[in-house]
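Be aware that the sequence shown starts at 0, since it is given in numbering that gives the first Met the number 0, and climbs by one per residue. Glycine residues also receive a C-beta, built at the ideal position from the N, C-alpha and C atoms.
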Amino acid sequence: MEIWINPACSKCRSALTLLDAEGAGYTVRHYLEEPPSAAEIEDVLRRLGLEPWDITRTGEPVAAELGLDTWTREPADRIRWLAALTAYPVLIQRPIITADDGTAVVGRSPEAVRSVLP
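See below:
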């Protein structure tokens with residue numbers, strides 16, 4: 000299991016605390032320091048069953064700078080959204096947990112984090 004975190008994020012710290020309490024084995028990835036590639040983001044999106052705009056933090060200042068609120072959310076725009084997430088990893092929702100069984104979850108709630116535990 001791998002968890003993408005920003006150590007400054009309270010939801011990320013809560014997810015780590017829960018995983019530790021459950022005795023889960025996991026690897027931490029500080030995704031702002033070690034940004035995921037486009038292929039890794041694509042894999043996570045496939046596992047989540049989501050589109051790039053579904054995991055985009057639109058409230059971030061860089062989102063406003065890019066004008067994300069004006070971008071359409073159509074299949075043809077998917078590459079543009081993916082490029083933004085790759086170039087600006089701060090836009091990626093957190094924490095994202097990829098489980099060994101091939102599933103993934105955006106672990107913003109305790110229930111979501113527990114859903115990937117064996």
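Which of the three DSSP states, helix, strand or coil, is assigned to residue i?
i   : result
E64 : helix
W70 : coil
Can you name, in chain order, every residue of its own chain whose Cβ lies under 6 Å from the Cβ of residue i, other than the five neighbours on each side?
i   : result
R56 : L90, Q92
CB residue i to CB residue j, shorter than 8 Å?
i    : j   : result
A103 : V43 : yes
L84  : P51 : yes
G106 : P94 : yes
E41  : L67 : no
Would you call residue i buried or exposed, if buried means 16 or more other Cβ atoms sit within 10 Å of its Cβ?
i    : result
C11  : buried
I78  : exposed
A128 : Residue 128 is absent from the model: the chain starts at 0 and stops at 117.
A63  : exposed
A7   : exposed
L15  : buried
Review point. Could you give the uninterrupted runs of the alpha helix (DSSP H) lying entirely in the segment 17-105, keeping only those of 4 residues or more?
Key: 37-47, 60-65, 77-86
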